[in-house]
Every structure is written in structure tokens, then in C-alpha cells.
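If you count the sequence shown from 1, position 566 lands on 566 in UniProt numbering, and the numbers rise without skipping.
By construction, the Cβ of each residue, glycine as well, lies at the ideal position given by its N, Cα and C atoms.
Everything numeric in this text was worked out from a predicted model, so none of it was measured.
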Amino acid sequence: MKYLDIRMSYKILLVIVVMAFFLGIVGLSGFVAIKELSRNMEIMYNKRVISLEMLGHCRILSKNIELTMLNIITNRTDSPERSYSKDAVIQNLEEIDRLLVELQDNSLDAQEQASIDQLLVQNYIYHNSLSTVLRLINAGDFVLASSYYEENAKGYAEHIDRTLWQMMSQNQFLADKQNIDGQQLVNRFSNGILLLSIVFGFIAILAGIRFTKMITHPINEMVRQVEQVASGNVTALSDYVPIDTTDEIGRLSRSFYHMANTLKAYIQEIITVNEQLWEVAYQDALTGLPNRRYFVERLNKLFSEKTTQHLALLYIDLDRFKYINDTLGHHVGDQILAAVAERMAACLPDIDTLARLGGDEFILLCQNVTNEQQAATLAAQVIAVFEQPFSAQTNTFHITCSIGISLYPQDGKDMDSILRAADTAMYAAKQRGNNSFQYYTSKMQQKVLRRMELENIIHQTIEKEGFQVYYQPRVNISSGQIVGMEALLRLPYNGGFISPAEFIPVAEETGLILSLGAWVLRTACKQNKQWQLAGYPPLRVSVNLSPNQFNQKDLLLQIKRILTETKLPACWLEFEITEGAFMNKAAATLKAFADIKSLGIHISIDDFGTGYSSLSYLKRFDIDCLKIDKSFVDEIGQDSKDSSIAHTIISMGKSLHMMIVAEGVEKQEQLDFLQKHNCDQIQGYIFSRPLPPTEFEKLLQKQVRFA
């Protein structure tokens with residue numbers, strides 16, 4: 001179908017306007033004509049009414065004349081009354097003449113004009129006859145006057161009365177007929193005008209409807225396509241409206257079609273960009289797995305739907321993954337993470353969501369897991385994924401993982417609580433040992449709360465400068481003399497002390513150990529220098545160096561600055577380092593050891609025997625002292641294995657020309673054993689527990705006094 005040309009539609013619209021204008025002119029003209037006709041007919045009717053009134057008045061005057069004349073003729077006495085009657089007759093005759101003249105001027109047609117002319121003639125003759133009768137009466141000839149009146153005047157009077165009556169009847173008839181005909185004419189004219197208006201109005205309405213339909217149909221079609229596009233139905237743009245492109249609507253439709261196809265291309269581009277943005281927002285770039293944001297929204301959606309009855313979260317953290325990043329670089333670590341993600345996604349196809357939270361942390365979401373046994377089966381499948389080694393850049397890595405398990409609704413009613421429970425359980429699994437999983441328990445939450453409390457206590461104590469340094473003497477096992485001391489950090493709280501075994505790990509995890517370690521080192525060096533200045537025999541003070549401190553880039557600069565500030569010779573300072581602090585970075589450790597030793601500082605290995613206990617690093621590193629861990633000393637004399645280990649450590653250290661110190665010596669049998677096997681020094685409650693500076697100084701005073 002070809003639609004109406006807009007230019008032609010202008011003509012049609014012009015025709016419709018002209019028709020409407022003509023209809024208005026006709027209606028207005030008809031209205032004016034009807035009003036004029038009605039007015040003219042009203043004038044004519046009024047004229048006839050006036051004529052009727054005048055004719056009636058003439059008739060009354062004629063009757064009065066007749067009665068007056070009879071009275072004059074009958075009453076033959078001469079009196080003033082007769083004179084008055086004569087005058088009345090003359091006046092009435094003159095009034096009739098006047099009225100007939102007015103009727104002549106008010107006449108409506110020739111017939112009426114002729115009748116009035118006749119009346120004027122008759123009235124003239126009648127007037128003359130009455131004048132003759134009045135002269136005879138004035139002459140006193142009543143008989144002749146009566147006879148003349150009866151023979152002449154009376155006949156004219158009757159003729160005039162009859163003519164007047166006929167004219168009145170005729171006028172009344174014509175007035176009524178004219179009124180009726182006028183009303184009928186007006187009604188017919190009005191009905192014609194109304195019918196004509198209805199016909200023209202109906203034609204205009206039909207033309208307008210047709211015109212509107214032809215104009216609006218293509219526009220409505222374009223509106224439909226716009227609505228389809230707005231609703232996301234891009235395929236609707238293929239429905240092209242075939243309109244003559246020479247008119248305005250055709251050009252508009254063609255332009256719209258081209259615009260729509262351009263819009264379609266833009267929409268496709270937007271869809272592509274949105275997909276890319278989705279990948280950026282919800283997909284982990286390294287592994288291709290959903291990221292933390294996607295996982296959180298997925299979990300939130302499950303809780304908001306209120307239909308989830310059971311689910312399990314498995315919080316997965318790779319064991320010792322930091323070692324790979326630190327030794328081989330993050331690019332190797334990234335390859336392993338991608339391989340781990342790919343293998344888990346392939347081996348665990350039935351899970352709801354596998355996501356990477358960040359770093360080496362992954363999380364599994366599995367619905368409809370109702371008990372711990374099902375969760376354990378799933379955790380075992382995850383651990384089995386890591387049984388085969390992973391390869392990256394010609395290197396093979398055996399990787400394990402620690403898994404924390406939380407169940408909904410047992411371990412939490414909302415997203416935050418269930419996720420926090422899984423995270424807590426994962427840390428508990430790491431503490432138990434690598435390559436294992438752990439269910440969440442309420443006790444774990446208590447530990448988390450305790451850890452948070454400890455962190456707050458540490459912060460508050462640092463702000464208040466409330467930490468203290470205690471000193472425990474190191475005694476020569478042969479002479480019983482104090483030859484050194486270990487500086488130990490103490491955290492006062494509520495009238496007592498929080499165990500270092502409890503708050504030191506928290507300080508290490510939060511990074512606060514760096515500032516605390518520097519403070520302990522400065523305090524210990526300053527105190528040792530003060531005792532030397534006080535005249536006490538020089539003692540070497542041992543300060544524990546945490547793994548975080550040992551790995552500081554500016555450690556050497558910090559040590560130099562503290563020694564300079566406190567003016568303590570480096571030979572009277574010793575660092576105690578655990579085996580785990582330097583085993584992961586052999587090359588860096590060698591340099592750090594060399595830098596520290598170049599200052600003249602002694603180095604001892606703390607808690608020896610509980611870590612790697614590798615003979616290779618004892619040979620490679622310049623170590624001055626080995627400290628036997630308290631766990632081996634406790635069972636000396638009771639457990640033959642611990643006694644053998646202690647003896648072995650002493651023998652090995654002696655062969656490497658190292659000083660041997662036994663920690664935690666509390667019993668005499670322990671002291672006897674150590675003396676028997678030539679241990680160099682002891683440290684423990686059998687001699688003294690850690691003491692505040694004032695109490696430790698008293699020990700120094702005693703030693704000076706008994707020396």
C-alpha cells in the first residue's frame with residue numbers, strides 16, 4: 001500500500017477547510033435570512049393587526065354616527081345637546097376620513113388599496129349626505145331630513161359598515177394565514193440548513209478520519225518499531241515500512257530505517273562492551289573464574305530469595321604459596337594459580353560456584369549440602385585435586401591446601417556470618433597443619449574474638465607506651481655466673497601479663513611486631529649501656545628478631561641507627577632468630593647474616609630442633625650460638641629420645657664451634673644432664689625467671705658482691 005503524499009494531503013486539508021468555511025457561511029447566511037424573513041413577516045403581521053384595529057375603529061365610528069343621526073332626527077327640539085351631537089357626527093366623519101387615509105398608506109396589496117379607495121368615495125358621499133341631512137334639520141324640516149336620511153345616508157352607512165366588516169374578516173384571515181405560512185417557511189428553511197450542515201459535517205468527518213489514518217499509519221508503524229527497540233527487541237528493526245520516499249513521511253521513514261540500523265549496530269557494540277565490562281567486574285582476569293564481587297552477589301541473591309535451605313562454603317587457601325612468589329617470582333605464581341583454577345573447575349563440575357577471592361584464596365559454594373559428611377566428601381575431592389604436582393617454567397611443584405568449611409544455616413544466618421565462619425575455619429585448618437580441612441565451631445569464633453581483643457589491647461598499649469621489657473639471665477653452667485641476658489617483651493593487662501605466646505603471633509600477623517621489635521631493640525641496647533656505665537660487668541643482651549623484622553629491607557640501617565643512638569658496642573648485642581625466618585630465602589639470608597655479622601653482632605638460632613634442623617644451613621651461615629628448645633629440655637631424664645636429641649644438639653654445636661644454650665631449665669636433673677654433656681649456658685627458672693630492670697639489677701649487684 002502506498003500512503004498519501006503529504007503535499008496532496010495539504011490540498012485535501014485545504015478542501016476540508018474550504019468546505020467547513022462554506023458550511024459556516026451557508027449556516028450564517030441562512031441564520032441571517034431566517035432572522036430577516038421572520039422580521040419582515042412580523043412587520044406584515046403587525047400591519048395587518050393595525051389595519052384590523054383601524055377598520056374596527058372606523059366601524060365603531062360609523063355606528064356612532066348612525067345612532068347619533070337617529071337621535072337627532074327623532075329628537076326635534078332645539079337644544080345644546082343636539083348641537084353637540086351634530087358636532088360629534090362631523091368629528092366622527094372626519095376621523096373616519098383620517099383613518100381611511102392611514103389605511104391607504106398602510107395597505108399591503110392592490111385589492112386592499114381598491115377597497116380603501118372605494119370606502120373613501122363612499123365615505124365622501126356619506127359625508128355629503130349627512131351634511132344635507134344636517135342642513136335640513138337646521139332648517140327645521142325634520143320630515144324631509146328623515147326621509148333624505150332614510151333614502152340616501154342610511155344606505156351608504158350600511159354599505160360602509162358591510163365593507164368594513166368584509167375588510168376586517170379578510171385581514172384577519174390573511175394575518176392568520178401569513179403567520180402560519182411564515183412559520184412553516186422558517187421551519188423548512190431551518191431544517192434545510194440543519195440537514196445541509198449535517199451532510200457537510202459528516203463528509204468532513206469521513207475525510208478527516210481517512211486523512212488521519214493515511215497519515216498516522218506509517219507514523220504508528222515507526223512508533224511500534226521504536227517501542228520494540230526500547231524493549232530490547234532489536235530484530236524488529238528488520239520490518240521496513242515500504243513508503244513512497246518522495247513525500248515527507250517516506251523520507252522520514254527511510255531516515256528512521258537507516259537510524260534504526262545504525263542504532264542496532266550501536267546496541268550490538270554496547271552489548272559487547274557490557275559483556276567485556278561484566279568480565280572485568282565479575283570475572284577474575286588471571287584464572288577466568290568468578291571473582292569476589294560475583295561470589296558475594298551470588299550469595300546475597302541466594303539469601304534474598306528465601307528459598308535456600310542448605311548450602312556449604314569451602315574456603316580454600318594454598319599452603320606456603322608465598323614461598324613460590326618470593327623465590328621464583330609472581331609470574332610463576334600466577335601460572336600455578338591459573339593451573340589450580342583450571343584443574344578445580346574441571347574436577348568439580350557439580351558445584352554451584354567456584355570463585356577466586358584474591359591472592360591464593362578460592363571458595364566453593366555448593367547448595368543442598370545438609371551435613372558435615374557431605375561437606376567432608378566435597379573437601380576430600382578438593383584435596384585430591386592437589387595430589388598431582390603442578391608445573392610452571394620447567395619447575396614442578398607439590399602444592400597442598402587448607403580448607404575451612406561452614407554450613408548454612410548451622411554456622412550462620414546471613415552472608416557475612418557464613419563467609420566469616422568459613423574463613424575462621426580455614427585459619428584453624430592451617431594451624432592444625434597443611435593439607436587438611438576443618439569444620440567451623442563456636443570455639444573458633446571465640447578465638448577470633450580473642451584475637452580481635454588482643455589486637456585492640458596491643459594498639460591501646462602502644463598508644464599508652466605501656467609495654468615493658470623484662471630480662472632473663474643466661475648463666476655459665478660451670479661457674480654459675482651471669483654471662484648474658486635475653487630481652488623479653490611483656491604486655492601488662494588487668495594487673496597481670498598476657499602471655500607472649502598469645503600476643504606475639506597477633507603482633508606478627510598485624511605487622512605491629514615491626515614497631516614493637518624496633519622499640520624492644522632500642523630499649524634493650526639503652527638499658528645494657530646504662531648498666532655498663534653503672535660499672536657492672538659487660539653482658540651480651542639477646543633480642544629476638546621476628547621473621548618479619550629479619551625480612552625488612554632497612555633492617556641493617558635501623559640496627560646501625562639504634563646502636564649509634566644508644567652508643568652500645570655491637571659486640572654486646574645478639575640476635576635470636578628462628579629457623580623459619582631465613583629458610584625460604586637462602587641468598588637473601590646469607591647477605592643479611594653477612595651484613596649483621598659485619599657489625600660485630602652475634603647471631604643465635606632460637607628454638608633449635610623444632611624447625612628444619614638442616615645441617616646444610618648450619619654449615620653455610622655464620623652462626624654463633626644454638627639454643628636448645630625448652631620442649632626437649634623438659635623431658636630430659638624422663639624421655640630417652642628427648643635426652644638423645646639434646647645430647648646430639650650439644651655435640652653437633654660443639655663440633656661446629658658454636659655456643660650451646662639450653663632454654664627452660666627448671667629442675668636439678670636437667671641441670672645435671674646438661675653439665676654432664678658440656679652444655680655452655682643455661683637459661684630458666686632454676687636460676688631466675690624474667691625480671692624487670694630493677695629486679696635484674698639486684699641480681700647483678702649480688703654477683704658483683706660475691707665475685
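May I have the straight-line CA-CA distance separating residue i from residue j, to the nearest angstrom?
| i | j | result |
| --- | --- | --- |
| Lys560 | Glu574 | 14 Å |
| Ile650 | Gln481 | 20 Å |
| Asp360 | Glu453 | 27 Å |
| Leu674 | Asn528 | 28 Å |
| Leu521 | Asn494 | 26 Å |
| Phe437 | Val483 | 47 Å |
| Thr564 | Leu488 | 22 Å |
| Val543 | Ala524 | 8 Å |
| Phe397 | Thr566 | 47 Å |
| Glu94 | Asp87 | 11 Å |
| Tyr439 | Asn371 | 11 Å |
| Ile324 | Val448 | 28 Å |
| Arg540 | Asn434 | 38 Å |
| Glu305 | Asp350 | 21 Å |
| Thr589 | Arg620 | 10 Å |
| Arg292 | Thr648 | 51 Å |
| Gln446 | Glu502 | 14 Å |
| Asp5 | Arg251 | Because Asp5 carries a pLDDT of 49, less than 50, the predicted location of this residue cannot be relied on, and no value is offered for it. |
| Tyr3 | Ile203 | Because Tyr3 carries a pLDDT of 44, less than 50, the predicted location of this residue cannot be relied on, and the following value inherits that uncertainty. When rounded, the distance between both Cα atoms is 21 Å. |
| Ser115 | Gln91 | 23 Å |
| Ile270 | His258 | 18 Å |
| Asn395 | Asp326 | 15 Å |
| Asp319 | Thr400 | 6 Å |
| Glu635 | Phe608 | 16 Å |
| Ala518 | Pro492 | 19 Å |
Grab me the residues of residue i's own chain with a C-beta within less than 7 Å of its C-beta, minus the 5 sequence neighbours each way, in chain order.
| i | result |
| --- | --- |
| Pro409 | none |
| Pro538 | Gln532, Trp572 |
| Asn300 | Met415 |
| Ser402 | Asp317, Asp319, Met426, Ala429, Lys430, Asn434, Ser436 |
Based on Cα-Cα distance, which residue from the options lies nearest to residue i?
| i | options | result |
| --- | --- | --- |
| Glu150 | Arg135, Leu70, Ala139, Asp87 | Leu70 |
| Ala392 | Lys430, Gln431, Leu337 | Leu337 |
| Arg451 | Ala507, Ala534, Glu221 | Ala507 |
| Lys443 | Gln228, Ile60, Ala425 | Ala425 |
| His657 | Cys625, Asp642, Ile198 | Cys625 |
| Val101 | Ile125, Leu134, Cys58, Gly496 | Cys58 |
| Phe21 | Ser197, Asn187, Leu134, His127 | Ser197 |
| Val18 | Asp595, Thr307, Gly201, Gly517 | Gly201 |
| Leu407 | Met485, Thr461, Thr308 | Thr308 |
| Arg162 | Asp141, Ile60, Ser146, Arg224 | Ile60 |
| Pro290 | Gln374, Asp352, Asn261 | Asp352 |
| Gln530 | Ile504, Pro569, Gly517 | Pro569 |
| Ile457 | Arg432, Arg490, Thr441 | Arg490 |
Would you please state the rounded distance, in angstroms, between the beta carbons of residue i and residue j? I believe it to be under 8 Å.
| i | j | result |
| --- | --- | --- |
| Glu669 | Gly684 | With a Cβ gap of about 13 Å, Glu669 and Gly684 do not count as contacting. |
| Val382 | Leu365 | The pair is not a contact, with the Cβ atoms about 13 Å apart (cut-off 8 Å). |
| Leu314 | Ala379 | 6 Å |
| Tyr536 | Leu700 | 5 Å |
| Gly412 | Ala428 | Not quite, the Cβ-Cβ distance comes to about 16 Å (not below 8 Å), so this is no contact. |
| Gly653 | Ile660 | 4 Å |
| Phe390 | Val340 | 7 Å |
| Ser62 | Ile96 | 7 Å |
| Thr578 | Asp622 | At roughly 17 Å, the Cβ-Cβ gap does not stay under 8 Å, so Thr578 and Asp622 are not in contact. |
| Ala592 | Leu555 | 7 Å |
| Ile125 | Ile72 | Not really, about 19 Å apart at Cβ, beyond 8 Å. |
Between residue i and the rest of its own chain, which residues show a CB-CB distance below 8 Å, the 5 nearest in sequence each way excluded?
| i | result |
| --- | --- |
| Leu671 | Ile477, Val665, Ile682, Ile686 |
Going along the chain, which residues of its own chain have a beta-carbon closer than 6 Å to the beta-carbon of residue i, five neighbours each way excluded?
| i | result |
| --- | --- |
| Met1 | Note that Met1 scores a pLDDT of 37, beneath 50, so its modelled location is shaky; the value from the coordinates is reported in the next line. Correct list: empty, nothing qualifies. |
| Phe321 | Asp360 |
| Ala662 | Ile628, Val633, Leu674, Cys679, Ile682 |
| Asp284 | Asn291, Arg356 |
| Gln367 | Leu311, Asp352 |
| Ala375 | Ala312, Val369, Ile405 |
Using a C-beta cutoff of 7 Å, does residue i count as contacting chain D?
| i | result |
| --- | --- |
| Leu626 | Among the chains of the structure shown, chain D does not appear; only one protein chain is present. |
Using a threshold of 6 Å, is the CB atom of residue i nearer than that to any non-hydrogen atom of the ligand FAD?
| i | result |
| --- | --- |
| Arg356 | In the structure shown, the ligand FAD is absent, as is every other ligand, since no ligand is present at all. |
Spell out a yes or no on whether the stretch 590-602 and the stretch 629-645 are touching, meaning 3 or more CB-CB pairs, one atom from each, closer than 8 Å. Too few Cβ pairs lie closer than 8 Å, so no.
Assess contact between the stretch 474-481 and the stretch 417-435, defined as three or more Cβ pairs (one per stretch) separated by less than 8 Å. Is contact present? With a cut-off of 8 Å, the stretch 417-435 and the stretch 474-481 do not count as touching, because too few Cβ pairs lie within range.
Could you check whether the stretch 333-343 touches the stretch 265-272, counting it as contact only if at least three pairs of C-beta atoms, one from each stretch, sit closer than 8 Å? Judged by Cβ distances under 8 Å, the stretch 333-343 makes no contact with the stretch 265-272, as fewer than three pairs qualify.
Pairs of beta-carbons, one from the stretch 688-706 and one from the stretch 456-467, closer than 8 Å: are there three or more? Not touching, per the Cβ criterion.
Under 8 Å, with one C-beta from each stretch per pair, do the stretch 513-525 and the stretch 548-562 reach the 3-pair mark? Contact between the stretch 513-525 and the stretch 548-562 is present, because at least three Cβ pairs lie under 8 Å.
Are the stretch 292-300 and the stretch 335-347 touching, with three or more C-beta to C-beta distances below 8 Å? They do not touch, by the three-pair rule.
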